[in-house]
Amino acid sequence: MRSEYCRVSGTVHAEEAPLSSLPMYDVFLGGSCGTTVWRRQLVIPFLKKKAISYYDPQRSVWSENMIYEESIAKERSSLFLFVIDPATVNATSFLEIAYFAARKSPKLVVVFLGKTEWKQKAHPDDLPDRNRTCMLLDRILDAHDVPMLYSIQDALDYIEEEIIGSKRWSDALRVPCQRLSFLSLRTKRVARAAQFRARGAWLRMISYARHVTLACAADAIIFIVCQMVAPNIPIYFILLPLFLLNIIVIFATERLQRYRARRPRAVADSSCFPPRASAAIPSPRMPTTLTPLNPIHSKNHLIRSKRFCDGIIDDGFSLFTVPELSRRRSQNGRVINTLTPAHIELASSALDDTSWVNRVVIPYME
C-alpha cells in the first residue's frame, strides 16, 4: 500500500497518457539543484515515511522529455516547495518563485537556507545585485502572502500540516503511515482553536468588566452628586432613572456594534497622496529621481522631447529605445502628446549605461 502513495514521477509522453490520467502529486520539490543533497537526504525520506507523493525534478540523467513531464507536474501538484541553497546561484529558482507567487501563491512555500551567506558569498561586483534580489524576493512574497522559512525542518512541518492535516478523516485513516500524524495534527488544531476561543472569551470578559466598572463608577458619582444637591429626594427617584439610562446605553452600544460589523469598510482613494520620492529597491549605482504621475509639460519640455525622439538613430545596437507609440508627433507645426504614456526602463547596472542616462536622457526628459 505504501508504494501506492509514495510514488515518484516517471517519464510521461503526451501521446501515451492524457492529462486527466496523469498522477496527482502532493509536493513539487523545486529550487536549487546541481550538487545539492537536501532532497535525497532530508525531504524525500520524510515524504516517503509520511506516504506523501512528490515530484523530484533533480535527475542524474536529463532528457528533453522531462521538460513536458516537469510542466505537467507543476500544474498537478498540491504544494510547491522551493528551497534556495546558498551553494548555488539560483537564478532560475528566483524566476520560478516569482512566477508561482503570482499564479499559485496559496500553494507555494519558500525555504531560504543561509540567506545572509548567499548575499555575502559572491564576487564584490555582484554583492549589490544579490542584495537587491533578496529585497525584491521579500517584497514579492510579502505581496502574495507566501511563507518564507529558513530551515528544512520548518518546511517539513509545514508540508505535514498542509497535506496530511487538511485531509478528511476517512482519507487520512485509510493510509497507515498518516494515521498518527493526522491524529496528532488534529489534536493540535483543536487545542489551538480552544486556546484561541478561551483567549477571545477572556478578552471579552475583561472588556465587559471594564465597561461595567466604568458604568458603576459613573452611577456612583451621579448618585453622590444628587444626594449632595438634593438630599431630600427619595433614593428610588435617583436609582430608577440611572437604571433606565444604563439599559439605554447598553442597547445603543450593541446596536452600534452590529451596524458597524455589517457596514462594509470604505476604501479610500490614495491617488491624492504623493508618491514616494525614493525607489522601493534603490540601486546603489544609479540615483533615483521622482517622476510625477501627472506631470505638467511645458513648451520647452515638449520641444526637447521631440528633438530627443527625432535624434535617435536606430542602429540595431542601441541599449535605449523609445517605443513608436510613445513618441510625440507634430501636426501643423505643433507638438501633440499621444495617449499612450512613455515607460522608459534601464535594464543594465553598468556604470557606462547609467552615466549615459544621467548625461543624455534625463536632461531631455526634464
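Each step along the sequence shown adds one to the number in UniProt numbering, with nothing skipped, and position 272 is 272. Heads up, the beta-carbon is just placed ideally off N, CA and C, and yes, glycines get one too.
- In the three-state DSSP reduction, Leu79 falls in the strand class (E or B).
- With a 10 Å radius around the Cβ and a threshold of 16 neighbouring Cβ atoms, Ile44 comes out buried.
- A Cβ-Cβ distance of about 6 Å is found for the pair Val110 and Leu141, placing them in contact under the 8 Å criterion.
- In this structure, Lys50 lies near Ile164, with their beta-carbon atoms less than 8 Å apart.
- Scanning its chain for C-beta atoms nearer than 6 Å, with the 5 sequence neighbours on each side dropped, one finds around Asp26 the residues Ile52, Ser53, Ser78 and Ile163, in chain order.
- For Pro57, same chain residues with a beta-carbon under 6 Å away, outside a window of 5 residues either side, are Glu70 in chain order.
- For Tyr259, the secondary structure class from DSSP, reduced to helix, strand or coil, is helix.
- Taking 8 Å as the cut-off, the Cβ atoms of Trp38 and Ile159 do not count as close.
- Under the DSSP definition of a beta bridge, Met148 partners with Val110.
- For the 8 Å CB-CB criterion, Gly31 and Val89 do not form a contact.
- Residue environment analysis places Lys188 among the exposed positions, since fewer than 16 neighbouring C-beta atoms fall within 10 angstroms of its C-beta.
- With a threshold of 16 other beta carbon atoms within 10 Å, Val146 meets it and is buried.
- A direct Cα-to-Cα measurement between Glu75 and Ala155 gives close to 21 Å.
- The alpha-carbon separation between Ile222 and Arg258 amounts to approximately 29 Å.
- By the 16-neighbour rule on beta-carbons within 10 angstroms, Ser181 is buried.
- Annotation for Val61: no alpha helix (DSSP H) segment contains it, and DSSP assigns it neither H nor E.
- Note that the C-beta distance between Leu185 and Glu161 is below 8 Å.
- The Cβ atoms of Ala98 and Thr36 lie no closer than 8 Å to each other.
- Taken atom to atom, the span from the alpha-carbon of Ile247 to that of Ala194 is near 32 Å.
- In the structure shown, the three-state DSSP call for Val190 is helix.
- For Leu136, the enclosing alpha helix (DSSP H) starts and ends at Leu127 to Ala143.
- According to the DSSP assignment, Asp26 belongs to the beta strand (DSSP E) that extends over Tyr25 to Gly31.
- If you draw a straight line from the Cα of Ala198 to the Cα of Val212, it is about 21 Å long.
- Under the DSSP assignment, Ala102 falls in the alpha helix (DSSP H) whose first and last residues are Ala91 to Arg103.
- Scanning its chain for C-beta atoms nearer than 6 Å, with the 5 sequence neighbours on each side dropped, one finds around Asp85 the residues Ser32, Thr36 and Leu113, in chain order.
- Comparing alpha carbon positions, the residue from Leu47, Gly200, Arg255 and Pro234 closest to Leu81 is Leu47.
- Closest in alpha carbon position to Tyr208, among Arg359, Asp125 and Glu254, is Glu254.
- Counting along the chain, the unbroken alpha helix (DSSP H) around Lys49 starts and ends at Ile44 to Lys49.
- The beta carbons of Leu29 and Tyr55 sit about 7 Å from each other, so the pair counts as a contact at 8 Å.
- Within the same chain, Cβ atoms closer than 7 Å to the Cβ of Met24 are found at Arg76, the five residues on either side in sequence being excluded.
- Check the Cα spacing between Arg59 and each of Ile72, Arg103, Gly34 and Leu42: the tightest is with Gly34.
- A Cβ-Cβ distance of about 6 Å is found for the pair Leu108 and Ala101, placing them in contact under the 8 Å criterion.
- Nearest to Asp129 by alpha-carbon distance, out of Ala91, Leu242, Pro234 and Gln227, is Ala91.
- Looking at Tyr236, Leu256, Asp219 and Leu149, the one whose alpha-carbon comes closest to that of Lys115 is Leu149.
- If the five residues before and after Leu173 are omitted, its C-beta is found closer than 8 Å to the C-beta atoms of Arg179 and Phe182, all from its own chain and listed in chain order.
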